[in-house]
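>
Protein chains in written order, with our numbering: chain A, 1 to 455; chain B, 456 to 910.
#1: If residue 196/A sits next to residue 332/A, beta carbons under 8 angstroms apart, how far is it from one beta carbon to the other, in whole angstroms?
#2: What residue ranges within the segment 270–346 of chain A form continuous beta strand (DSSP E) runs of no fewer than 3 residues, ordered along the chain?
#3: With hydrogens ignored, establish whether the beta-carbon of residue 276/A is closer than 7 angstroms to any heavy atom of the ligand MN.
#4: At a CB-CB cut-off below 7 angstroms, which residues of chain B make contact with residue 195/A?
#5: Could you round the C-beta distance between residue 223/A and residue 319/A to whole angstroms and report it? I think they count as a contact, below 8 angstroms.
#6: If you measure beta-carbon to beta-carbon, which residues of the segment 292–305 of chain A are closer than 8 angstroms to chain B?
#7: CB residue 755/B to CB residue 762/B, shorter than 8 angstroms?
#8: Is it the case that the segment 898–905 of chain B contacts the segment 827–837 of chain B, given that we only count it when at least three CB pairs across the two stretches are under 8 angstroms?
#9: Apart from the five residues just before and just after residue 85/A, which ones in its own chain have a Cβ nearer than 6 angstroms to its Cβ?
#10: Tell me where the alpha helix (DSSP H) around residue 461/B begins and ends.
#11: Output, in chain order, the set of chain A residues within a Cβ distance shorter than 7 angstroms of residue 675/B.
#12: Return no unless some Cβ of chain B is closer than 8 angstroms to the Cβ of residue 166/A.
#13: Kindly indicate the opening and closing residues of the alpha helix (DSSP H) around residue 124/A.
#14: Alpha carbon to alpha carbon, how far is residue 736/B from residue 709/B? Give it in angstroms, no decimals.
#15: For the beta strand (DSSP E) containing residue 85/A, name the first residue and the last one.
#16: Any Cβ of chain B within less than 8 angstroms of the Cβ of residue 228/A?
#17: Residues of chain A with CB closer than 8 angstroms to the CB of residue 654/B, please, in chain order.
#18: Could you run through the segment 865–887 of chain B and flag, in chain order, every residue whose CB is less than 7 angstroms away from some CB of chain D?
#19: Measure the beta-carbon distance from residue 669/B to residue 397/A and round it to whole angstroms, keeping in mind my assumption that it falls under 8 angstroms.
#20: Looking at the unbroken alpha helix (DSSP H) that takes in residue 656/B, where does it start and where does it end?
#21: In whole angstroms, what separates the C-alpha of residue 884/B from that of residue 724/B?
#22: Given 8 angstroms as the limit, is there contact between the segment 520–533 of chain B and the segment 587–598 of chain B, that is, 3 or more CB pairs closer than that?
#23: Hey, quick one: how far does the beta strand (DSSP E) through residue 225/A stretch, first residue to last?
#24: Under 8 angstroms between C-beta atoms, does residue 702/B make it to chain A?
#25: Using CA coordinates, which residue listed in 211/A, 411/A, 187/A is at the minimum distance from residue 368/A?
#26: If we cut at 8 angstroms on Cβ distances, does residue 762/B have a partner in chain A?
#27: Unbroken beta strand (DSSP E) runs of length 3 or more, entirely within the segment 507–567 of chain B: which are they?
#28: Which value, in whole angstroms, describes the spacing of the CA atoms of residue 154/A and residue 160/A?
#29: Which residues in the same chain as residue 663/B place their Cβ atom closer than 8 angstroms to its Cβ, once the five residues preceding and following it in sequence are excluded?
#30: Ignore the nearest five residues each way along the sequence and tell me which others in residue 66/A's own chain have a CB closer than 8 angstroms to its CB.
#31: Any idea which residues DSSP pairs residue 840/B with across the strands?
#32: Based on DSSP bridge pairs, tell me the residues matched to residue 394/A.
#33: Note down, in chain order, each residue of its chain lying with its Cβ closer than 8 angstroms to the Cβ of residue 482/B, except the 5 sequence neighbours on either side.
#34: Helix, strand or coil, according to DSSP, for residue 170/A in the structure here?
#35: Between which two residues does the alpha helix (DSSP H) holding residue 870/B run?
#36: Tell me, to the nearest whole angstrom, how far the beta carbon of residue 785/B is from that of residue 821/B; I am working on the premise that it is less than 8 angstroms.
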C-alpha cells in the first residue's frame with residue numbers, strides 16, 4: 001500500500017508533534033486538581049479529530065470527566081467503526097524514578113518516554129492519524145465514530161450511563177480499541193477474551209462472643225477452623241471448583257484457538273523464577289495461559305478473624321471473614337454464579353456455625369470469536385504489516401467497560417493493541433517505541449479496508 | 456467438730472472486719488499508680504499472719520510486686536502445707552456499673568460486695584482465719600507456710616524466679632490453693648486438671664509479591680487458599696487432631712474419674728443457648744466437659760491475609776498468616792508438641808508455597824490425681840461440711856503458675872475453691888457469699904486434720 005507509506009513518510013514528524021501536544025496535558029483522572037486538564041485534553045481531542053477529517057466533534061459532559069465524540073459518516077449504508085480510547089492517564093509518582101519529566105515527552109533509543117506515551121495517548125493517536133491518512137488520501141472505506149473517555153484509569157464509572165444515553169449516536173458494527181499489548185515485538189496480538197468476575201464477602205459466626213480458648217476450646221466450633229474447612233472444600237485435588245453447576249455454561253474453546261494459544265511464547269522456568277515459586281498450580285489438563293485465559297478461578301482475596309496482633313494471645317473468636325472472588329469466563333453469567341456460590345457455601349456450613357454470604361460485585365466476561373469478520377480483518381491487517389498471523393490472546397483480567405459496551409450497545413470489540421510489556425505503563429519511564437506507533441498507523445487503515453470488504 | 460463451730464461463732468464478725476481491712480487497700484497490680492498499695496497489702500498480710508499465729512513473716516522484694524511469706528513450724532517431722540494466694544486484684548472499670556464502691560465492702564443479701572471479695576482476698580482470708588482457728592484452739596496438726604503474691608492477675612511474671620531462689624524455704628508436702636470455683640453452691644469442687652498450651656504463628660508465602668488476580672488467578676497458588684486447606688487437614692471428621700504422634704502421651708483418664716466428671720451438672724441446652732449456637736462440636740466419644748477438660752484442642756486464634764478493607768478489591772496475595780494454638784492435657788510435653796506440629800505442618804505444605812512455623816509460647820498441663828492423699832483429705836473435708844463428695848473438675852484453662860510450682864518445687868497443688876460462678880470475679884459487683892466464706896473456714900481445718908492423718 002504505497003499510499004499509506006507515502007503519506008506516513010511525509011507526515012510522521014507532525015504526527016509525533018501532535019502526540020506530544022496531547023501528552024503535555026497532565027490529564028490525571030484520579031487527582032481532582034487535574035480536573036481542568038481533563039477539559040483541556042477533551043478539547044485537544046476535539047480539535048485533533050476535526051483537523052483529522054471528522055465532520056463534527058463535541059465534548060460531552062458526564063457526572064464525572066468529559067467524553068469527546070466525533071464522527072465522519074461517508075455513507076450510511078457502509079459499515080461503521082467505533083473507535084474507543086481514553087484521554088486520561090495514571091499518576092506519575094514516584095517522580096524521582098523518572099529519567100525525564102513525565103509530561104515532557106522525550107525520544108531516546110527510538111522510544112517516546114512520557115506518561116501516556118503508550119497508555120493510551122500514543123495508542124489513541126494512532127487511530128486519529130490513521131483516520132486522517134484515510135480521509136486525506138480518499139481511502140476511507142467506512143463510517144467512523146470516535147468515543148474518547150476521561151475516566152478509564154479510575155474504572156469508567158460514568159461511561160456506561162453515557163452510552164445508555166447516546167445509544168443511537170453510537171450505533172456501529174464494531175468497536176476498535178488499542179489499549180492492550182502484543183506478546184512480543186514480533187508477534188501481533190489480538191486480545192480475544194477477558195474474564196468476568198464474581199466477588200463475595202462471607203461471614204462465619206460461631207459463639208455469640210469471643211470465648212476463652214481454654215474454657216471452650218475443643219467443645220465449641222471455632223469459626224476460623226470452620227471457614228478454613230469450607231474454603232478448602234471449594235476446590236478439589238484437580239483444581240476444579242466444586243460448586244454444583246459452576247462449569248455448566250463455561251464456553252469450551254475450539255481446538256483451533258487452543259492451538260493458536262499454544263503458539264504464544266511462554267517460558268515456564270522464567271515465569272516461576274520471576275514469581276519466586278517452585279511450582280505453578282491450577283486446573284489439571286490446562287496450560288498456564290489457558291488456566292488464566294479460558295478457565296475460571298477461585299481465589300480468596302482476603303481473610304481475617306480473631307487475634308492478629310503481636311504475640312500469643314489465645315481466643316476462640318466469635319467470627320471469621322473472607323473476601324472471595326471467581327474470575328469467570330465467557331458464557332458464565334456473574335449473577336447466576338453469585339447465586340450458585342451462595343447456595344453451595346451456605347449448604348456446606350456445619351450447623352455449629354451461622355454463615356452469611358454477601359455478593360459484593362460482579363462483571364461479565366468478554367469473548368471475541370476468532371471467526372468474526374472484524375477479527376479476520378484485524379488478523380489480515382496484521383499479516384500485511386508484521387508478516388505473521390496474530391495470536392488470539394485470552395487475558396485473565398477484566399476490562400469491565402468492554403463487557404458493558406456489549407451489554408448496552410450490543411457491539412463486539414476488537415482489542416488490537418500495539419503496546420509492549422516493556423512499555424512500563426502505569427510506572428515511571430512509561431514509553432512507546434516509535435516503531436510500534438508507526439506500525440499501528442500502518443495496520444489500522446488495512447483493518448478498515450478488510451473490514452469494509454468482509455462486513 | 457464443736458471446736459471449729461465455737462471459735463467461728465465467737466470470731467466471725469472480727470474475721471469479716473479483717474477481710475474488709477484487706478479489701479480497702481486498692482491493690483490493682485496492672486496499674487502502676489497502685490504500686491504503693493501493693494506494699495500496703497503485703498504489710499497487711501504480714502501483720503495478719505503474725506497475729507493469726509505465724510512464728511515469722513516477711514515481705515520479700517521481687518523484680519515486680521512483693522511477696523509475703525510466713526510460716527509456723529510445729530514439728531519438722533510433721534507434714535507441711537504451703538498455702539498459695541494472691542493479694543492483687545483486677546481493675547474496677549467500668550465504675551458506673553458498681554452498685555457500691557469497689558473498695559468499700561458492703562454486705563447485701565448475705566454477700567460481700569467488693570473488688571477482691573472472692574478473688575482472691577476473700578478466699579485467701581479463709582486460709583488465714585482457718586490457720587488462726589487451729590493455732591488458737593491448739594488443733595493445728597501440720598506445719599504451715601504461706602506464700603501470698605502480688606502479680607497473679609498479670610500472669611505471675613516474677614513468682615517462678617522467686618520460688619527458684621527460695622526452694623528450701625518453700626519445701627512442703629502439698630500446696631493448697633483457693634482461687635477456683637465450685638460448680639454450684641451445693642457441689643464442692645476440686646479442680647484436678649489444667650490444660651497446657653502450645654502456640655504457633657504460621658506464615659504461608661506464595662508468589663514474591665501481591666499479584667493481579669485476573670492475570671494470575673487460576674495459575675499461581677493463592678496462599679490463603681493453601682493455608683485454608685492446610686488448616687482444614689489438621690483435624691479430621693471425628694474432631695481428631697491429625698498430627699502424627701500428637702496423642703501418644705495423652706494421659707487417659709480413669710473410669711472412676713470420668714464417672715465422677717459425668718456427675719457434674721451440665722445442661723447442654725442452656726449451654727448452647729448461652730452461646731447462641733445450634734450444636735456443640737468436638738472430638739467424637741467425649742462429653743463437652745471432657746472435650747475441654749481431658750482432651751487437647753486445636754484452635755486457630757487468628758488468621759489474616761490479603762485485602763481486608765471495605766468493598767471488593769481483587770488481589771492474589773503474596774502471604775497469609777495464622778496464629779494457631781493447642782490446649783494440651785497432662786503428660787503432653789508442650790515442647791515436644793510444638794516440634795511435632797512444626798514438622799507436620801511443614802510436611803503437608805504443597806511445593807507451590809513456602810511455609811514458616813514459629814512456636815510463640817507454651818506451658819505444661821497440670822493434673823492432680825484423685826488418689827493422691829491430699830486429694831482424699833480435701834474430699835473428706837468437703838464431705839464433712841457439704842454433706843456430699845466433691846466432684847473432680849478438669850478445667851480447660853491454664854493457670855501457668857500451678858504447673859510452675861510443680862516444675863520448680865516438685866509439689867502438687869490442691870485447687871480447693873469456694874467461689875461461685877455468680878461471684879462476678881473480674882467484673883463490676885464482684886461478691887462473695889458469707890455462707891461460702893464461712894464454709895471455707897470450716898472446711899480448711901478438716902483438710903489439715905485428714906491430711907496429717909493420711910500423709
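We put the CB at the ideal spot given by N, CA and C, even for glycine.
Reading from the atomic positions:
#1: 6 angstroms
#2: Within the segment 270–346 of chain A, the complete beta strand (DSSP E) runs of at least 3 residues are 299–306, 319–328.
#3: This structure lacks the ligand MN, and indeed carries no ligand of any kind.
#4: 669
#5: 6 angstroms
#6: 292, 295, 296, 297, 298, 299, 300, 301, 302, 303, 304, 305
#7: no
#8: Contact between the segment 827–837 of chain B and the segment 898–905 of chain B is present, because at least three Cβ pairs lie under 8 angstroms.
#9: 120, 124, 148
#10: Element bounds for residue 461/B: 457–478.
#11: 275, 277, 280, 281
#12: no
#13: First-last of the alpha helix (DSSP H) with residue 124/A: 121–136.
#14: The straight-line gap from Cα to Cα measures roughly 23 angstroms.
#15: 80–86
#16: The beta carbon of residue 228/A falls within 8 angstroms of a beta carbon belonging to chain B, placing the residue at that interface.
#17: 312, 314
#18: As a matter of chain content, chain D is missing from the structure shown, whose protein chains are A and B.
#19: 3 angstroms
#20: Run containing residue 656/B: none in the alpha helix (DSSP H); it sits in the beta strand (DSSP E), 651–660.
#21: Spanning the two alpha carbons is a distance of roughly 28 angstroms.
#22: yes
#23: Where residue 225/A is concerned, there is no enclosing beta strand (DSSP E), although the alpha helix (DSSP H) it sits in stretches over 223–233.
#24: Contacts with chain A at 8 angstroms (Cβ-Cβ) do not include residue 702/B.
#25: Here the closest residue by C-alpha is 411/A.
#26: yes
#27: 511–515, 522–527, 535–541, 561–563
#28: Between residue 154/A and residue 160/A, the C-alpha separation is close to 13 angstroms.
#29: Beyond the five residues adjoining it in sequence on each side, residue 663/B comes within less than 8 angstroms, by CB distance, of 773 in the same chain, given in chain order.
#30: 38, 39, 42, 59, 60, 150
#31: Bridge partners of residue 840/B: none, in fact.
#32: 193/A
#33: 489, 492, 493, 495, 496, 542, 543, 544, 571, 605
#34: coil
#35: Taken as a continuous stretch (DSSP letters only), residue 870/B belongs to no alpha helix (DSSP H), being part of the beta strand (DSSP E) at 868–871.
#36: 7 angstroms
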